[in-house]
Amino acid sequence: MTASTVTTIDLTDPANPADVAASPVVVLVFRGADGDQTLDTADLEHAVAHPLLSAFSAVQHHWPSITETHGRGRVVVLAPASAALGDPLRPLDCAVTGALISFVRSVAIELQRHGGAANAIFFDTDPNEPAVTELIATVTAEHATAVTGQEIYAANGADLGRLHP
């Protein structure tokens, strides 16, 4: 995929993800919530609901471009590995990341009918780490449709991936 066919959306950005031009490859980035990470956070909607609604809205907006590309459509979710594996200091990020994992699996099942793929990649501290960008290039390549619905970890080189049937 060329860079011009990839759209990257920050799920914590207050901008509407449907305000960008549609493309067949969508990378959704969740860096985690800023500030208080306790369960009594006053702005629970901003911390939890906004990133999830942004993910749904982005995929819905891009869906025609994703599904009409004859096997080239991709959805990639990037999130912190610590939130995916469970972090007692980040319960809200863990809740959002868990929901995003389920979202990716559901999108992967639906997208398989159109020859596309959806995967989640988990990073250590920066979604722009070289290992993460290489994984994005790999799972968005034309020949990578068989890799779909997967959780892929790129955190300090740790191989913590989960195998699915």
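The working numbering applies: residue -9 is where the sequence shown begins, and numbers increase by one. By construction, the Cβ of each residue, glycine as well, lies at the ideal position given by its N, Cα and C atoms. Remember, it's a predicted structure, so these values are computed and weren't measured experimentally.
CB contact flag (residue i, residue j, <8 Å)
{"i": "Ala71", "j": "Phe112", "result": "yes"}
{"i": "Ala98", "j": "Thr138", "result": "yes"}
{"i": "Val38", "j": "Leu82", "result": "yes"}
{"i": "Ile56", "j": "Leu125", "result": "no"}
{"i": "Val67", "j": "Ala110", "result": "yes"}
{"i": "Val15", "j": "Thr130", "result": "yes"}
{"i": "Ala108", "j": "Val65", "result": "yes"}
Local Cβ density within 10 Å of residue i, reported as buried at 16 or more and exposed below that
{"i": "Ser13", "result": "buried"}
{"i": "Gly106", "result": "buried"}
{"i": "Leu1", "result": "buried"}
{"i": "Ser96", "result": "exposed"}
{"i": "Pro4", "result": "exposed"}
{"i": "His154", "result": "Residue placement at His154 is flagged as unreliable, the pLDDT there being 41, under the threshold of 50; the coordinate-derived value follows with that caveat. Exposed: under 16 other Cβ atoms inside 10 Å."}
{"i": "Phe46", "result": "exposed"}
{"i": "Gly63", "result": "buried"}
Nearest neighbour of residue i, chosen from the options [CA to CA]
{"i": "Ala85", "options": "Ala73, Ser96, Arg95, Val94", "result": "Ala73"}
{"i": "Asp116", "options": "Ala145, His36, Thr135", "result": "Ala145"}
{"i": "His51", "options": "Gly22, His133, Ile(-1), Val129", "result": "Ile(-1)"}
{"i": "Glu141", "options": "Leu42, Thr87, Pro120", "result": "Thr87"}
Residue i - partner residues in DSSP beta bridges
{"i": "Glu141", "result": "Ala110"}
{"i": "Pro70", "result": "Phe113"}
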